[in-house]
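Counted from 1, the sequence shown has number 810 at position 811 by numbering that gives the first Met the number 0; the numbering is strictly sequential.
Cβ atoms here follow ideal geometry from the backbone N, Cα and C, with glycine treated the same way.
Working notes, beginning with the structure itself.
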Amino acid sequence: MSRGRLRIYLGAAPGVGKTYAMLGEGRRRAERGADVVVGLVETHARPKTAEMVADLEVLPRRELSYRGVAFAELDTDALIARHPEVALIDELAHTNVPGSVHTKRWQDVDAILDAGIDVITTVNIQHLESLNDVVEDITGVKQRETVPDEVVRRADQVEIVDMTAEALRRRMAHGNIYPPDRIDAALGRYFRVGNLTALRELALLWLADKVDDQLDRYRAEHNISGTWETRERVVVALTGGPEGETLIRRAARIAERARGADLLAVHVGRTDGLAGADRAMLSTQRQLVEGLGGSYHDVIGDDVPRALLEFATGVNATQLVLGTSRRGRFARALSAGVGATVTARSGTIDVHLVTHDAAPPPRTPRRTPPALSRRRQVSGFTTALIGLPALTVALSHVRTHIALSSDIMLFLMLVVAVALIGGLWPALTTALVGSALLNYWFTPPIHKWTISHHDNLLGITAYVCVAIAVSAVVDLAARRARDATRAGADAEILASLADAVLRGERAVTDLLTRLREIYALSSVALLERQPDAPSSWSVVACAGEECPTPAQADTEVAVADNLVLVLRGPALPAGSRRVLEAFGAQTVLALRQQRLTEAAEATEPLLRADQVRRALLSAVSHDLRTPLASARAAVQSLRDDSIVWQPEERGELLATAHESLDRLDGLVANLLDMSRLQSDALGLVPVPLAVEDVVPHALDELGPASAGVRICVPPDLPEILADPGLLERILVNLVANAMRFNPAGRPVLVSASSLGDTVEIRVVDYGPGIPAADRERVFQAFQRLGDRDNHNGVGLGLAVARGLAEAMGGSVTPEDTPGGGLTMVLAMPCVPDHPGVRTTVSHSSPLFGRPVGMMDR
0 MSRGRLRIYL
10 GAAPGVGKTY
20 AMLGEGRRRA
30 ERGADVVVGL
40 VETHARPKTA
50 EMVADLEVLP
60 RRELSYRGVA
70 FAELDTDALI
80 ARHPEVALID
90 ELAHTNVPGS
100 VHTKRWQDVD
110 AILDAGIDVI
120 TTVNIQHLES
130 LNDVVEDITG
140 VKQRETVPDE
150 VVRRADQVEI
160 VDMTAEALRR
170 RMAHGNIYPP
180 DRIDAALGRY
190 FRVGNLTALR
200 ELALLWLADK
210 VDDQLDRYRA
220 EHNISGTWET
230 RERVVVALTG
240 GPEGETLIRR
250 AARIAERARG
260 ADLLAVHVGR
270 TDGLAGADRA
280 MLSTQRQLVE
290 GLGGSYHDVI
300 GDDVPRALLE
310 FATGVNATQL
320 VLGTSRRGRF
330 ARALSAGVGA
340 TVTARSGTID
350 VHLVTHDAAP
360 PPRTPRRTPP
370 ALSRRRQVSG
380 FTTALIGLPA
390 LTVALSHVRT
400 HIALSSDIML
410 FLMLVVAVAL
420 IGGLWPALTT
430 ALVGSALLNY
440 WFTPPIHKWT
450 ISHHDNLLGI
460 TAYVCVAIAV
470 SAVVDLAARR
480 ARDATRAGAD
490 AEILASLADA
500 VLRGERAVTD
510 LLTRLREIYA
520 LSSVALLERQ
530 PDAPSSWSVV
540 ACAGEECPTP
550 AQADTEVAVA
560 DNLVLVLRGP
570 ALPAGSRRVL
580 EAFGAQTVLA
590 LRQQRLTEAA
600 EATEPLLRAD
610 QVRRALLSAV
620 SHDLRTPLAS
630 ARAAVQSLRD
640 DSIVWQPEER
650 GELLATAHES
660 LDRLDGLVAN
670 LLDMSRLQSD
680 ALGLVPVPLA
690 VEDVVPHALD
700 ELGPASAGVR
710 ICVPPDLPEI
720 LADPGLLERI
730 LVNLVANAMR
740 FNPAGRPVLV
750 SASSLGDTVE
760 IRVVDYGPGI
770 PAADRERVFQ
780 AFQRLGDRDN
790 HNGVGLGLAV
800 ARGLAEAMGG
810 SVTPEDTPGG
820 GLTMVLAMPC
830 VPDHPGVRTT
840 VSHSSPLFGR
850 PVGMMDR
C-alpha cells in the first residue's frame, strides 16, 4: 500500500481562514466523487465554518477522561478502519490528552498517511518549532503546542492562507473570530498591526525556503545549470587571508539590502593540500559568516576561478564578492589573476571586487598643487618659446647700437611678463635660457660660451638672480590670491552651514552630504563612542555608499570627546583642516539640536496622553455616576415595598430611570465610537440613502426632546452614500448639541440642500454661538467651551460626529447663524451617477447593535 499524500494549509495568523479553506477543498473533492471524511474540525462556534461541515461525513470523536474531565480527541483507529480516500484533520500541532495512542496529533496524521489515506490539515506559522522563540519575542506569547518543521517540509503540498493585518483586524472587530468579550483585549495585544505583519513575513519567508528546495530538486532533475534569478544569493570568496572579514561584512551588507537574500562563503582548496591558507583565520571567518546568518563551504579545485564559478552556478548565485589582488604589480603584469578571470567568465553573475587594507597601495606621490592653473602655465611656456627667439633676433640687428646692460633689461622684462602669465616654472626656464642667449649672442666674445670681462659676468649673474626673485614673488602672490579665494569660499560654506543648522530639519545628514559634495569624498560619517565599550563606535549619521570606521578613514577629525568625523576619499590639503573642524563643530551643534527636538517630541505624546487621561477620569466620573445614581435611586424607590406609589408617581420614576439610562447609553456609544476611530477598527457599510428618510429617524432617537425640532428637507435632493447607523449617530450628536445651547421657546432647525456633488445638512441653533478662534477646539475630544476642568461632561459628541463624517468621506464644519447662534454643516458625498431608482434601506448597524430604518416623519 502506497503512503497517502499530505496537504497542509499554513496560516499566517489565527483567524485568516485556514480551516475554512481546508473544508472548501474537502467539499470540492467530495463533489468530484472522492470519499471524504471529516476526522476532526474545530469550528470555534463560527457559523460560516459550521456550514461548510454540514454536507460532509463527520467521524465521531473518541471520548477520553483526564483528571475527572471528559475530552474528545481524534479517533485514529476508527478513521483507519473507515479508510476513506481523504481525511480532513484540523490543528496539526495539537497535543493529545494523556491516554491517547499518540502524544501529538501530527503523529496521528503520520499513522493515517502510512495507512494510505490522503490527509488535508491545518497549522499556524507560530506553531512551527524553529519559529517558536521568534514568535514569542514578537508577540510576547509563548506557544506551548508545536510541530517539528520537518513534518511540514515533508508535506506534498503546502499552501499559505494569508490576509492583510488591517483586514484581519476588521474581521476581529466584526466578531468573526472571537466572541465580543475578547475582541478588545485581542486587538490591543496579539492582533496588533506590527505583530500580524511580522507573522506574515515569517510565513512567507518560511514557505519561500520550502519553494527553494523544490526548485533545487527540479533543476537537478532536469540538468539545468544556468542561473535562475528567483532569489538573491550572495557568494563571498575567501582565501584565508586577512581581508576575509572585510569581504564577509561587505557581502553581508549587500545581502541585507536585498531582503531575504542568502549569504554563502566559499574557500577553494588545492587538491594537493599544499596551499598556504591560514586554517585558524578561516575558522574565525567561518564563525563570522555563521554569526551573520550565512553558511560556510569548502570546495577543492586546482583552477580557482573555474571551481569558484562552478560553486556559484551550482547554488544559483546571483552575486559574487571577491577581494582585490594582494599580489604586487610585477606579478599582476604576468597573469590576470583570479578577480579578472572570474569577472570575464562570470556570465549573468554580478561580480564585486572589494578593496581592502591587505591590497598593495597605489603609488600616488604627494605634491604641492601649482599656484596657477595648467592652462596659464602652458601659456607661460608658449610666451617664453616665442618671446626668447624673437627678442634675440631683434636685438641681434641692433647689437652695435645698444649696450649689454640694455639687452639684460629687455630680457628681464620678458621674464617678468612670463612670470605674470605662467608663474614660477615658466619664468625660471625663461631666465636660465635667456642667460644662455645673452652669453652666446651678446656678451664678448660673441658666439662663444665664455665671458671675457668680469662686469659682464656680474651683469648676467644679477639678471639671473633678479629673474628668479621676480618669479618667486609672482608665484607667491598667485598662491596668496588662491588662498584668499579658498578662504572666501570656506567662509561662504560655513555661513551656509550655520544657516542650514538653524533651518534644516535633518541638519546633521545635510551637513555631511554637503561636506561630501564640496570635497568630492566617497563617504562621510559621524561616529559616536559607546560609553560601555570605548573601542566600539556607533554610526550617528552617514553620507555616501557605506559608513567607514575609524580604521578605514583617510581623514579623521575629533569633534568632541565621544564624537569623531570620519572621511573617505582623496587626500585633503592641510589648509582644509580648519574648515573640517568648523564642519565638525557645526555638526555637533546640529546633533544636539536634533536630539533636543526628538526628546521634546517624545514627551509630547506623553503629555497629551496624561491630559486625556485626567480629562477622561474627571469627565467620565461625573457623567457616568450622575445617570447611574439617578437610575439607581428610581429603581430602588420602585422596589421599596414599604411605599405605595401612585400610577403617576410610578410613571415619573420610570421616566427618570429611562432618561438616565438613555443618557448613559449615549455616553457609552460615544466612547466606543471614539475608541474605534482612534484604533481604525470602524466598520463601514455605505449604501445610497435619501436625506428626507434619514433625518426623521435620527430625531426619533432623541425621544420627546426633539418634538420642537423643525425639518426643512426638499424631497428632490440627490441620494448620498453613507452608512445608515453612522449617519444617524452624527445627526443625533449634532442635534443634541444644538438643543443643549438653543434658547427655550425657539426650535432648532434641520435643513438640507445640494451643492455640486455633495449634499449639505445644516443643524441651526440660535444660542450664544462660538467665537471664531475656538471653533476647532470644540471638535477635540474631552473639550467643552467654558468648562476648563471638564466637570460638566465628557465632550465627545462633536468629536465623534466629525470623526465619523470624515471616515465616510464627508465633513462637519461650523458657521455663524444669521442673527446669532451656531450652524453645524454636515457635507456628505452624493451617489455617483448610475442607472437606478432611490431605495429605502432597512439596515442593522454593525457598530451600535440596533436596527436603523428609513421612514417618513
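When the five nearest sequence neighbours on each side are left out, the beta carbons in the same chain lying within less than 7 Å of the beta carbon of L566 are those of L520, V523, A552, D553, T554, in order along the chain.
Residue environment: T347 is assigned as exposed (fewer than 16 neighbouring CB atoms within 10 Å of its CB, all protein chains considered). Collapsing the DSSP output to three states places D89 in coil. Burial of E727 is indicated by the presence of at least 16 other C-beta atoms within 10 angstroms of its C-beta. The beta-carbon separation of I176 and G14, rounded to 4 Å, stays under the 8 Å limit for a contact. Assignment of beta-bridge partners to P813 by DSSP yields M823.
In the DSSP assignment, L725 falls within the alpha helix (DSSP H) that extends over 723 to 740. For V133, the enclosing alpha helix (DSSP H) starts and ends at 131 to 138.
In the DSSP assignment, E805 falls outside any beta strand (DSSP E) and within the unbroken alpha helix (DSSP H) covering 796 to 806. By the C-beta criterion, the region 735 to 744 is judged not to be in contact with the region 714 to 724, since fewer than 3 inter-stretch pairs fall below 8 Å. For G338 and V303, the gap between their C-alpha atoms comes out near 10 Å. CA-CA distance, L237 to S129, rounds to 30 Å. Nearest to Q284 by C-alpha distance, out of I247, L319, R375, G379, is I247.
For N131, same chain residues with a beta-carbon under 6 Å away, outside a window of 5 residues either side, are Q142, T145 in chain order. Between the region 106 to 123 and the region 58 to 65, the count of C-beta pairs closer than 8 Å stays below three; the two stretches do not touch. A contact between stretches requires three or more CB pairs, one per stretch, nearer than 8 Å, and the region 465 to 484 meets this requirement with the region 422 to 436. The beta-carbon distance between L195 and A12, rounded to whole angstroms, is 5 Å. This is short enough to meet the 8 Å contact definition. Taking each of C711, V35, P179, T138 in turn and checking the Cα distance to A44, the smallest one comes out for P179. Rounded to whole angstroms, V587 and A559 show a C-alpha spacing of 8 Å. For A630 and D664, the gap between their C-alpha atoms comes out near 12 Å. Cα atoms of P770 and T816: separation of roughly 12 Å, rounded to the nearest angstrom.
Between T121 and W105, the alpha-carbon positions lie close to 10 Å from each other. At least 8 Å separates the beta-carbon of V731 from that of L688. By the Cβ criterion, the region 79 to 93 is in contact with the region 32 to 47, since at least three pairs of Cβ atoms, one from each stretch, lie closer than 8 Å. Around the CB of L475, fewer than 16 other CB atoms lie within 10 Å, so the residue is classed as exposed. If you look at E775, you'll find it isn't in any alpha helix (DSSP H); DSSP assigns it neither H nor E.
Distances from the CA of C541 to each of V377, P646, L510, A20 were compared; the closest alpha carbon is that of L510. By the 16-neighbour rule on beta-carbons within 10 angstroms, Y65 is exposed. Taking the Cα of L352 as reference, the smallest distance to any Cα among R344, R374, L319, F380 is reached at L319. With respect to L308, R344 sits close: the two C-beta atoms are nearer than 8 Å. Boundaries for Q142: no alpha helix (DSSP H) harbours it, and the DSSP string shows neither H nor E there. Looking at the DSSP output, D640 sits in no beta bridge, so it has no partner there. Straight-line measurement puts the Cα of V157 at about 23 Å from the Cα of N315. If you compare the alpha carbons of G820, G818, P828, G819 with that of V811, the shortest gap goes to P828.
Counting only the Cα atoms, V140 lies some 14 Å from G193. Across the structure, E242 and G322 are spaced so that their CA atoms are roughly 7 Å apart.
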